[in-house]
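K.L.:
Questions regarding the structure given below will be posed in turn.
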Amino acid sequence: AQSVTQLGSHVSVSEGALVLLRCNYSSSVPPYLFWYVQYPNQGLQLLLKYTTGATLVKGINGFEAEFKKSETSFHLTKPSAHMSDAAEYFCAVFLHEGDDYKLSFGAGTTVTVRA
Amino acid sequence: ETGVTQTPRHLVMGMTNKKSLKCEQHLGHNAMYWYKQSAKKPLELMFVYSLEERVENNSVPSRFSPECPNSSHLFLHLHTLQPEDSALYLCASSQDVFNEQFFGPGTRLTVL
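As given, the protein sequences belong to chains A and B, one line each in that order.
Using the working numbering, the letters of the first sequence map in sequence onto residues 1 to 115.
Using the working numbering, the letters of the second sequence map in sequence onto residues 1001 to 1112.
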């Protein structure tokens, strides 16, 4: 079984401050991990992904995430928030084992940025 | 036109109506997906097609009927829906089932 938990449904940060969005997963085999962003009235857009290799992955718009197997986490960060970062963010876990695969999304975290 | 497109962008229908949602991808991908996005709930995967064959159906009610006539097009046929089916319906595609997905803008469905 697998599940994705995003801690905090809403995060508010000041412009220029650190953005930290938390994602934890449960999986019996190594997962593929994704972060997506959704702007109002739009579909989801991939920010970054982890499949294998380097555990620190860099994505678009200055975001990065680190896969920590021991903590079963894939937290998303950005050193300095910009007003344009206001959106909803989704963590997703893709699990592939033999012929069976599952893709699960977290409930999402809404980010607001204060001027 | 590039990417994943969805039509219509907004749809209002009664419970006795029959309508269809359309998705088209111009990326040469082999897999396509339908998702339901409701407020305050995780994204729900409804259907997965790979090379025009349905490979996953997550216990979706039969009032939702998908159709994939070719690798570029995906439809979701709707009939006798319920008000709780009101949501944003997202289509996505990927090179293969195991790859990152590209999403369309969604169809905002309201069932009266």
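Every residue gets a Cβ at the ideal spot worked out from N, C-alpha and C, and that includes glycine.
Only a predicted model underlies this, so the values are computations on that prediction, with no experimental measurement involved.
Leaving out the 5 sequence neighbours to the left and right, which residues in its chain are closer than 7 angstroms to A/Cys-46 when beta-carbon positions are compared?
P.N.:
Taking the first sequence and counting its residues from 1, one reaches residue 46 of chain A at position 46. The identity of residue 46 of chain A in the sequence shown is Leu, whereas the question assumes Cys. So the list reads Phe-34, Tyr-36, once near-sequence residues are dropped.
K.L.:
Ignore the nearest five residues each way along the sequence and tell me which others in A/Ser-73's own chain have a CB closer than 6 angstroms to its CB.
P.N.:
Position 73 of the first sequence, counted from the start, is the residue given in the question as residue 73 of chain A. Counting only Cβ-Cβ distances below 6 angstroms, and skipping sequence neighbours, we find Asn-24.
K.L.:
Does A/Leu-46 get closer than 8 angstroms to chain B when you measure Cβ to Cβ?
P.N.:
Position 46 of the first sequence holds residue 46 of chain A. Yes, A/Leu-46 lies at the interface with chain B (some Cβ there is under 8 angstroms from its Cβ).
K.L.:
Taking A/Asn-24 as part of the beta strand (DSSP E), name the residues at either end of that continuous run.
P.N.:
Position 24 of the first sequence, counted from the first residue, corresponds to residue 24 of chain A. Taken as a continuous stretch (DSSP letters only), the beta strand (DSSP E) holding A/Asn-24 covers 19-26.
K.L.:
Under the DSSP definition of a beta bridge, which residues are partnered with B/Pro-1066?
P.N.:
Indexing the second sequence from 1 puts residue 1066 of chain B at position 66. According to DSSP, B/Pro-1066 bridges with B/Leu-1076.
K.L.:
On the DSSP letters alone, give me the boundaries of the beta strand (DSSP E) that B/Met-1013 sits inside.
P.N.:
One-based indexing of the second sequence puts residue 1013 of chain B at position 13. 1010-1013 is the span of the beta strand (DSSP E), which, as asked, contains B/Met-1013.
K.L.:
Taking its Cβ as the centre, do 16 or more other Cβ atoms sit within 10 Å of B/Ser-1062, making it buried, or is it exposed?
P.N.:
Residue mapping note: residue 1062 of chain B aligns to position 62 of the second sequence, counting from 1. The residue is exposed, with fewer than 16 neighbouring Cβ atoms inside 10 Å.
K.L.:
State the beta-bridge partners of A/Phe-105 as determined by DSSP.
P.N.:
Residue 105 of chain A sits at position 105 when you count from the first residue of the first sequence. Its beta-bridge partners are A/Ala-92.
K.L.:
Are the beta-carbon atoms belonging to B/Leu-1112 and B/Gly-1014 less than 8 angstroms from one another?
P.N.:
Locating residue 1112 of chain B in the second sequence gives position 112, counting from the first residue. Locating residue 1014 of chain B in the second sequence gives position 14, counting from the first residue. Yes, the pair counts as a contact, with Cβ atoms nearer than the cut-off.
K.L.:
What residues match up with A/Leu-47 in a beta bridge as DSSP calls it?
P.N.:
As a working note, residue 47 of chain A is residue 47 in the first sequence. Paired residue(s): none; A/Leu-47 is not in a bridge.
K.L.:
Using DSSP with H/G/I as helix, E/B as strand and the rest coil, what is B/Ser-1020?
P.N.:
One-based indexing of the second sequence puts residue 1020 of chain B at position 20. Residue state, collapsed to three classes: strand.
K.L.:
Within its chain, find whatever has a CB closer than 6 angstroms to the CB of A/Lys-49; leave out the 5 residues flanking it on each side and keep chain order.
P.N.:
One-based indexing of the first sequence puts residue 49 of chain A at position 49. Only Phe-34 meet the Cβ criterion.
K.L.:
Can you pull the DSSP bridge partners for B/Met-1032?
P.N.:
Stepping through the second sequence from its first residue, residue 1032 of chain B is reached at position 32. Paired residue(s): B/Tyr-1049, B/Ser-1093.
K.L.:
Residues of chain B with CB closer than 7 angstroms to the CB of A/Leu-103, please, in chain order.
P.N.:
Taking the first residue of the first sequence as 1, we reach residue 103 of chain A at position 103. By Cβ distance, chain B contributes Leu-1045.
K.L.:
Mind listing which residues of the stretch 1023-1041 of chain B have their C-beta closer than 9 angstroms to chain A's C-betas, in chain order?
P.N.:
Result list: Tyr-1033, Tyr-1035, Gln-1037, Lys-1040, Lys-1041.
K.L.:
Using CA atoms only, rank isn't needed, just tell me which of B/Lys-1019, B/Pro-1008, B/Thr-1005 is closest to B/Leu-1081.
P.N.:
Here residue 1081 of chain B is taken as the residue at index 81 of the second sequence, counted from 1. Nearest of B/Lys-1019, B/Pro-1008, B/Thr-1005 to B/Leu-1081, Cα basis: B/Lys-1019.
K.L.:
Is the Cβ of B/Leu-1078 closer than 8 angstroms to any Cβ of chain A?
P.N.:
Counting from 1 along the second sequence, the entry for residue 1078 of chain B is found at position 78. Chain A contact via Cβ: absent.
K.L.:
So what's B/Glu-1084 in DSSP terms, helix, strand or just coil?
P.N.:
Within the second sequence, the letter at position 84 stands for residue 1084 of chain B. B/Glu-1084: helix per DSSP, three-state reduction.
K.L.:
Just the chain A side, please: which residues come within less than 8 angstroms of B/Val-1097 by C-beta, in chain order?
P.N.:
Position 97 of the second sequence, counted from the first residue, corresponds to residue 1097 of chain B. In chain order: Tyr-101.
K.L.:
State the start and end residues of the unbroken beta strand (DSSP E) segment that holds B/Val-1060.
P.N.:
Taking the second sequence and counting its residues from 1, one reaches residue 1060 of chain B at position 60. Here B/Val-1060 belongs to no beta strand (DSSP E), and DSSP marks it neither H nor E.
K.L.:
Run through DSSP, which three-state label would B/Gly-1003 get?
P.N.:
The residue given as residue 1003 of chain B occupies position 3 in the second sequence. In the structure shown, B/Gly-1003 sits in coil (DSSP, three-state: anything other than H, G, I, E or B).
K.L.:
Counting only C-beta atoms, is B/Pro-1105 closer than 8 angstroms to chain A at any point?
P.N.:
By one-based count along the second sequence, residue 1105 of chain B stands at place 105. Yes - at least one Cβ of chain A is within 8 angstroms of the one on B/Pro-1105.
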